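Colleague: Each residue of the sequence shown is one higher than the last, beginning at 0 in numbering that gives the first Met the number 0.
In this text, a Cβ means the ideal position worked out from N, Cα and C, and glycines have one as well.
Quick caveat, the model's predicted, so the values are computed rather than measured.
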Amino acid sequence: MTLEFFGIYTTRFNDIANKSPPDQTRISYIIKKLLEDEGGYPYGLTRALIVAYGETKFSNTIAKEAKCPFLEAKRVLRAYLNSVKEKEILLTGAEAVSILLIKNKVSHVFAYPGTSELVFCDALLRTPNITLINGRGDKESAFMAAGGSSLLSSKSVALLHGARGGTNAAGAIADARRNEIGTVFIIGLPSTSSSKYLPPHGESDLISTLGKFVKYAWEITDLPPPAPLINKSHNKAKAFISVIIKAIRESRSFPVGPTIVGIPQDAFERRWIPLEYVQNINISTPVISMNHNELKKVSRIIKNKKHPVILVDDFLYKNIYAKPALQQFAEKLRAPILQVAYRRGPMLFESTAQKYNPYFVGQYDGDNPYHKKLMSETDLLITIEDRNAYERVVGALPKCVKIAITSNPLMTIKNGYLTDSDMLLSGNPVTKMRELLKVIPPKKDSINIFKKYCKSVSGQRQSKSSVFKYTKMRNMISSELAKIFTQLRQPILVDDSQMFGGLLSQYYDLFPKKLRVFGDHGAFIGGGMAYAAGLAYSNTEANVFCTIGDQSFTNAFQALAFISQEQVPVVYIICNNGKSVSLMKQIHYQDKSAFDSGNHRFLNNVPKMSYTDIAKSFGIRSHQIVVDPDRVSFSLAQQHLRSAFQSAAKVQCPVVIELILPSNQTAWEGIWAIKGNETTKS
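(1) Out of A352, S563 and Y40, state which residue places its alpha-carbon closest to the alpha-carbon of N133.
(2) Please work out which residues of its chain come closer than 6 Å, Cβ to Cβ, to D312, disregarding the five sequence neighbours upstream and downstream, and give them in chain order.
(3) Would the region 482-494 and the region 540-551 be scored as touching if the rule is three or more Cβ pairs under 8 Å?
(4) Pick out the complete beta strand (DSSP E) segments inside the region 577-661, 3 residues or longer, and give them in chain order.
(5) Could you give the distance in angstroms between the alpha-carbon of S445 and the alpha-carbon of F510?
(6) Buried or exposed for S192, going by 16 or more other Cβ atoms inside 10 Å?
(7) Is the region 445-454 close to the region 358-368, with three or more CB pairs under 8 Å?
(8) With distance defined between alpha-carbon atoms, name the residue in V570, F617, I619 and Q589 nearest to K649.
(9) Kindly list the residues whose CB is nearer than 7 Å to the CB of K512, restricted to its own chain and excluding five residues on each side of it in sequence; keep chain order.
(10) Using DSSP with H/G/I as helix, E/B as strand and the rest coil, what is L347?
(11) Consult DSSP for H291 and reduce its assignment to one of helix, strand or coil.
(12) Quick check on S681: buried or exposed, where buried means 16 or more other Cβ atoms within 10 Å of its Cβ?
(13) Put I129 into one of helix, strand or coil per three-state DSSP.
(14) Mapping DSSP to helix, strand and coil, what is F544?
(15) Once DSSP output is grouped into helix, strand and coil, what is the label at C453?
(16) Can you tell me whether R391 is helix, strand or coil according to DSSP?
(17) Distance, Cα to Cα, R342 vs V392?
(18) Can you give me the Cβ contacts of Y416 inside the same chain, cut-off strictly under 6 Å, excluding the 5 residues immediately before and after it?
(19) Please look up how many angstroms separate the CB atoms of H200 and G261, rounded, as I've assumed it's under 8 Å.
(20) Can you give the Cα-Cα distance for I524 and M432, rounded to whole angstroms?
(21) Kindly indicate which residue of I404, I244 and P408 has the alpha-carbon position closest to the one of P428.
(22) Should D419 be labelled buried (16 or more other beta-carbon atoms within 10 Å of its own) or exposed?
(23) Taking C-beta to C-beta, are F267 and A93 nearer than 8 Å?
(24) Taking the alpha-carbon of S596 as reference, which of V605, Q585, N604 and P606 has the nearest alpha-carbon?
(25) Cα separation between L379 and I300?
(26) Is the region 467-477 touching the region 615-628, taking contact as three or more C-beta pairs under 8 Å?
(27) Using 8 Å as the threshold, is the C-beta distance between L534 and G146 below it?
(28) Decide if the region 109-123 is in contact with the region 55-75; the criterion is three or more beta carbon pairs, one per stretch, under 8 Å apart.
(29) DSSP beta-bridge partners for P41?
(30) Pull up the distance between the alpha-carbon of A175 and that of Y215, whole angstroms please.
(31) Hey, out of D364, G501 and D612, whose CA is closest to S581's CA?
(32) Quick one: give me the first and last residue of the alpha helix (DSSP H) that D693 is part of.
(33) Of all the beta strand (DSSP E) runs that stay within the bounds of the region 49-106, which reach a length of 3 or more residues?
(34) Mind checking which residues open and close the beta strand (DSSP E) that includes K693?
(35) Going by Cα to Cα distance, which pick from F561, D590 and L480 is closest to F142?
(36) For A78, count the other beta carbons within 10 Å of its own beta carbon; 16 or more makes it buried, fewer makes it exposed. Which is it?
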């Protein structure tokens with residue numbers, strides 16, 4: 000342990016030690032100077048850390064650094080602490096927020112600061128167990144905080160600079176909300192004395208406007224006068240602490256989502272928060288169980304139902320306990336499991352496979368005769384964590400009784416299939432399923448027969464190109480990627496593509512059970528690069544890959560500055576098919592003569608823009624591999640692809656792999672639904 004663990008820079012200790020008297024007063028001089036600022040006021044952060052980690056550890060550390068006896072250092076420290084009581088110590092707002100973050104297990108802060116946030120940045124640098132990183136961009140820092148919080152809500156947060164940072168990051172903030180990622184966006188504001196003049200980083204109603212994109216937003220506006228500290232000041236300090244705590248708690252409670260806190264520069268810089276206010280903070284979120292009446296009602300609905308069906312959305316899999324709970328729930332109900340499928344826009348999201356869950360019968364396909372039969376015969380449909388099961392996505396749902404289990408009731412209710420006779424269960428879906436297991440009556444029919452039935456009606460939708468070589472190309476890419484995922488301990492795939500993600504989604508059965516997948520329901524083209532970097536940087540045990548479209552790369556490569564700076568070990572796989580194939584496919588369906596029958600350059604990639612050269616200019620390892628079967632043999636493409644994937648998986652640094660893929664529509668047949676499912680009836 001070093002003095003930096005107690006918020007003291009090594010350079011500051013060395014400076015003080017070099018100026019200390021060479022006699023018996025030396026250790027007294029060093030301790031006093033370390034624990035006070037130049038005006039003689041106690042450093043609140045260091046004092047708080049001594050309280051948190053113990054006088055003995057601090058005494059032992061200072062004794063080693065100052066080369067004096069431990070007992071002498073301990074005696075001098077105790078004497079000093081007795082002379083300045085904890086109740087008399089005030090923290091700056093920056094120090095108070097820093098302490099609250101580490102007390103609540105926030106480990107990373109991605110920042111792109113301006114003048115308002117510099118004091119806070121310094122406090123964070125002096126706070127142990129938290130890493131401050133320059134994200135090299137506003138939206139980049141916001142996406143990185145979201146990525147860093149994917150596995151654990153608010154593990155990472157973002158620090159943005161006022162109106163310029165907040166507005167530049169607005170798309171990333173809204174994207175975090177749509178994907179229900181719990182993180183906190185701390186936005187530094189002009190000081191309370193200057194905010195009314197709207198300096199460049201100020202804007203009227205900034206926080207309330209951005210607040211429309213998040214779950215909870217609050218702006219600190221009321222500060223006490225600099226001195227003296229009075230009871231009214233104490234109340235304002237308590238209110239400040241409550242706002243920070245609520246922002247963290249709300250980001251972690253259901254429905255999970257991002258929050259915003261706007262903090263003026265003088266609130267960061269002024270000493271006005273009593274040290275005792277940040278001690279013994281409890282931020283745990285309560286667990287709400289179903290009441291007896293709810294359980295009885297569910298039991299009545301389920302009773303005597305012969306053909307229940309479960310329809311899940313990928314939001315369920317955010318909970319690491321969801322998949323085993325879902326399997327137990329389906330087994331007890333004897334209910335086949337379907338999953339909401341996305342056929343346009345972002346299409347790759349986490350799922351499972353029949354070989355891992357014997358009751359999973361596939362991504363719901365209204366054109367699949369087996370799926371249609373399941374839906375037509377069901378007498379009970381249970382949706383779990385539904386966000387998008389509206390008619391355009393899934394077609395018309397059956398008219399049977401329904402139970403919706405959801406952590407986000409508003410996003411489920413909007414889909415319009417629930418009636419007064421149906422039931423909505425709100426809360427943690429895993430907890431709800433476990434509670435329902437207690438009231439579901441046991442089934443008499445054989446579980447093995449039911450497993451065989453599920454296997455007989457299961458099936459992965461695989462649209463084939465009318466030209467065999469393109470189907471072979473799709474299978475080869477997916478298979479080689481699956482092999483790499485199988486070899487890794489904790490593979491995670493972040494998808495920021497459309498056609499490429501749609502391709503991979505049709506081969507999901509190839510992927511190993513341990514793979515985690517994070518797609519983007521916000522469809523922010525270009526967010527995945529920073530998102531994946533934040534996820535990897537905040538979770539060093541993970542093996543992170545990111546599939547990214549060529550259009551996404553164009554909107555994303557500012558993130559390469561951070562990725563190169565920190566040598567973040569992410570493998571970026573770029574799908575370069577020469578143009579926006581999805582948009583061209585859509586407009587061609589509507590009007591075959593549009594864009595000069597597809598010959599106009601408007602939707603083409605930038606002619607002289609090289610993705611690998613851009614990555615190399617940041618010092619990032621890069622490979623360009625031609626996979627287009629019109630330009631290279633299958634065996635050579637497979638050899639180069641396998642070699643690139645294997646070498647990238649072995650190194651602890653960023654790697655960019657650009658795949659040159661065909662742009663003609665035949666190569667992408669069956670990927671991207673050109674119309675919705677409003678006409679698909681169950």
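Modeller: Let me spell this out:
(1) Here the closest residue by C-alpha is S563.
(2) Excluding positions up to five away in sequence, the list reads V339, E384, D385 and R386.
(3) Taking 8 Å as the limit for Cβ pairs, the verdict is that the region 540-551 does touch the region 482-494.
(4) Taking 3 residues as the minimum length, the beta strand (DSSP E) runs contained wholly in the region 577-661 are 620-625 and 654-659, in order along the chain.
(5) Take the alpha-carbon of S445 and the one of F510: they are about 30 Å apart.
(6) S192 comes out exposed.
(7) As far as the Cβ criterion goes, the region 445-454 touches the region 358-368, which means the pair count is three or higher.
(8) Per the Cα distances, V570.
(9) Result list for K512: Y355, in chain order.
(10) Secondary structure at L347: coil, using DSSP grouped into helix, strand and coil.
(11) DSSP places H291 in helix when its eight states are reduced to three.
(12) Here the model assigns S681 a pLDDT of 47, short of 50, so the residue's position is not dependable and the matter cannot be decided.
(13) Looking at I129 - three-state DSSP - the assignment turns out to be coil, as it is neither helix nor strand.
(14) For F544, the three-state secondary structure derived from DSSP is strand.
(15) Reduced to three states, the DSSP call for C453 is helix.
(16) R391 carries a helical assignment under DSSP once its states are collapsed to helix, strand and coil.
(17) R342 and V392: Cα-Cα distance of roughly 8 Å.
(18) Closer than 6 Å at the Cβ level, and outside the excluded window around Y416, lie L396.
(19) With 8 Å as the limit, H200 and G261 do not qualify as a contact, their Cβ atoms being about 11 Å apart.
(20) Distance from the CA atom of I524 to the CA atom of M432, rounded to whole angstroms, is 35 Å.
(21) Of I404, I244 and P408, the residue nearest in Cα terms is I404.
(22) With fewer than 16 other beta carbons inside 10 angstroms of its own, D419 counts as exposed.
(23) Result yes, Cβ atoms of F267 and A93 sit closer than 8 Å.
(24) Closest option to S596, Cα to Cα, is Q585.
(25) About 8 Å.
(26) For the pair of segments examined, the region 467-477 was found to touch the region 615-628: the number of CB pairs separated by less than 8 Å reaches three.
(27) At a Cβ-Cβ threshold of 8 Å, L534 and G146 count as neighbours.
(28) Touching, no, given that fewer than three Cβ pairs across the two stretches are closer than 8 Å.
(29) P41 pairs with E35.
(30) Roughly 13 Å separates the two Cα atoms.
(31) Comparing Cα positions, the closest option is G501.
(32) For the chain, the structure presents residues 0 to 681; residue 693 sits outside this window and is missing.
(33) For the beta strand (DSSP E) assignment, the uninterrupted runs of no fewer than 3 residues enclosed by the region 49-106 are, from N- to C-terminal side, 89-91.
(34) Residue numbering for the chain in the displayed model covers 0 to 681; residue 693 lies beyond these limits and cannot be assessed.
(35) Distances from the alpha-carbon of F142 to those of F561, D590 and L480 put F561 closest.
(36) By the 16-neighbour rule on beta-carbons within 10 angstroms, A78 is exposed.
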